[in-house]
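>
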């Protein structure tokens, strides 16, 4: 750890402080079911960020609905918003450059006085209740799935993505397995990791889609979380994030597609209604006019 010495006193750099915070939070994540589920709640909204960034956002602003850079929020050609006075930024570590990047929570932004600010709510996608069935049907067609509910479709998508993701981390698994000193066999550990990955990715995706996960959570064996060695926490988090991102990006795209389709249907309905009204107005059968 890099330290500065001043008058015989050791001072941590800012980077060191937040790297330490990240490592401490990593160790806490799998200490309890509640800790892990709390993290997944934050991760569900921050799925476009990498795992360690999610951990630091969870440590500093776990309740935030969205975060972005200062330039993204304030630039005139972006959101054109104002950062509230006295706001604290959220520090994220970049291990490659050994630098900190800073982001701000959407809750800490406000409209500019000029009235030209963009509303963040228009850019945070949601699943309209009236389009749930259409979105589910579309996802099933894309994934060649058969499901009567969006919840089940998400679970099926997460399972498929997690199987593929676990295979892509084979090399990392082997290294960590040898370092862990666990009494579990490779097969036992792989099965525990696979089940927790699938459950965690499903919960993350469901939460982002506004689905109550209580019933799904009640059917999961979270005791497996404690059988996974501590040095596997980061791997589990990275795989969960990657898997959930794969699922949610497809859902996000599908939501936008179905919203556009609904707009087209509504526009067509409006045109047909206007045409019918005009026809009634000039048709003597309806107006009582004669030639």
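In this note's numbering, the protein residues as written are 1280 to 1570. All residues carry an ideal CB built from backbone N, CA and C; glycine is no exception.
Using only CA atoms, which one of 1386, 1533, 1374 and 1354 lies nearest to residue 1363?
Minimum Cα distance to residue 1363 is reached at 1386.
> Just confirm the distance between the C-beta atoms of residue 1474 and residue 1327, as a whole number of angstroms; I'd bet it's less than 8 Å.
Residue 1474 to residue 1327, Cβ: 25 Å. No contact.
> Measuring CB atoms only, is the stretch 1494-1501 touching the stretch 1454-1463, in the sense that at least three cross pairs come out at less than 8 Å?
They do not touch, by the three-pair rule.
> Could you name the residues of the same chain whose beta carbon sits closer than 6 Å to that of residue 1482, not counting the 5 residues immediately before and after it, in chain order?
The answer, listed in chain order, is 1319 and 1492.
> Can you tell me the Cβ-Cβ gap for residue 1345 and residue 1324, rounded? I've got them flagged as a contact below 8 Å.
Sure, about 7 Å apart at Cβ, within 8 Å.
> Return the residue from the list 1430, 1453 and 1375 that minimises the CA-CA distance to residue 1298.
Selected option, being the one with the closest Cα: 1375.
> Give a yes or no on whether 8 Å exceeds the smallest Cβ distance from residue 1433 to chain D.
Annotation note: the requested chain D is absent from the structure, which comprises a single protein chain.
> Based on the DSSP secondary-structure assignment, which residues constitute the bridge partners of residue 1530?
Looking at the DSSP assignment, residue 1530 forms no beta bridge with any residue, so it has no partner.
> Can you tell which of 1418, 1453, 1307 and 1314 has its C-alpha closest to the C-alpha of residue 1437?
Of the candidates 1418, 1453, 1307 and 1314, the one whose C-alpha sits nearest the C-alpha of residue 1437 is 1418.
> Kindly give me the distance between the Cβ atoms of residue 1518 and residue 1445, rounded to whole angstroms, as I take these residues to be in contact under 8 Å.
Between residue 1445 and residue 1518 the Cβ distance is about 7 Å, and since that is below 8 Å, they are a contact.
> Could you tell me the alpha carbon to alpha carbon distance between residue 1463 and residue 1423, rounded to whole angstroms?
Going by the C-alpha atoms only, they are around 36 Å apart.
> Taking C-alpha atoms, which residue in 1425, 1504 and 1336 lies nearest to residue 1382?
The option with the nearest alpha carbon to residue 1382 is 1336.
> With a threshold of 16 other CB atoms inside 10 Å of the CB of residue 1266, please say whether the residue is buried or exposed.
There is simply no residue 1266 to check, as the chain begins at 1280 and stops at 1570 in what is shown.
> Over the uninterrupted beta strand (DSSP E) stretch that includes residue 1504, give me the two end residues.
It is not in any beta strand (DSSP E) - residue 1504 instead sits in the alpha helix (DSSP H) that spans 1503-1506.
> Is the CB-CB distance between residue 1595 and residue 1440 below 8 Å?
The chain is shown from 1280 up to 1570; residue 1595 falls before or after that span and cannot be answered.
> Does the separation of the CB atoms of residue 1334 and residue 1377 fall below 8 Å?
Taking 8 Å as the Cβ cut-off, residue 1334 and residue 1377 do not qualify as a contacting pair.
> So the candidates are 1296, 1331, 1400 and 1414; which of them puts its Cα closest to the Cα of residue 1513?
For the residues 1296, 1331, 1400 and 1414, the minimum Cα distance to residue 1513 belongs to 1331.
> Do residue 1529 and residue 1487 have their CB atoms nearer than 8 Å?
No, the pair does not count as a contact, with Cβ atoms beyond the cut-off.
> Drop a sphere of 10 angstroms on the beta-carbon of residue 1390, count the other beta-carbons inside from all chains shown, and report buried for 16 or more, exposed for fewer.
Exposed, since its Cβ has fewer than 16 Cβ neighbours within 10 Å.
> Ignore the nearest five residues each way along the sequence and tell me which others in residue 1294's own chain have a CB closer than 8 Å to its CB.
Excluding residues within five positions, the ones whose Cβ falls inside 8 Å are 1281, 1372, 1377, 1378 and 1379.
> Whole angstroms is fine: what's the gap from residue 1341's alpha carbon to residue 1549's?
Distance between the alpha carbons of residue 1341 and residue 1549: 44 Å.
> What residue range is occupied by the uninterrupted alpha helix (DSSP H) comprising residue 1456?
Here the alpha helix (DSSP H) through residue 1456 covers 1449-1459.
> The alpha helix (DSSP H) that contains residue 1384, what's its start and end?
Looking at the DSSP string, residue 1384 is not in any alpha helix (DSSP H); the run it does join, the beta strand (DSSP E), is 1378-1384.
> Could you check the C-alpha separation between residue 1368 and residue 1338 for me, to the nearest Å?
Answer to the nearest angstrom: the Cα atoms are 13 Å apart.
> Less than 8 Å between the CB atoms is what I'm expecting for residue 1522 and residue 1472, so what's the real figure, rounded?
So it is not a contact: roughly 12 Å between Cβ atoms.
> For residue 1539, which of 1370, 1396, 1307 and 1414 has the nearest alpha-carbon?
When each option's Cα is compared against that of residue 1539, the closest is 1414.
> Measuring straight from C-alpha to C-alpha, what distance separates residue 1421 and residue 1541?
Distance between the alpha carbons of residue 1421 and residue 1541 is about 19 Å.
> When DSSP labels each residue in this structure, what does residue 1492 get in the three-state scheme?
In the structure shown, residue 1492 sits in coil (DSSP, three-state: anything other than H, G, I, E or B).
> Which residue from 1543, 1398, 1411 and 1296 puts its Cα closest to that of residue 1370?
Nearest C-alpha to residue 1370: 1296.
> Can you tell me whether residue 1463 is helix, strand or coil according to DSSP?
DSSP places residue 1463 in coil when its eight states are reduced to three.
> Taking its Cβ as the centre, do 16 or more other Cβ atoms sit within 10 Å of residue 1271, making it buried, or is it exposed?
In this structure the chain extends from 1280 to 1570, so residue 1271 is not present and cannot be described.
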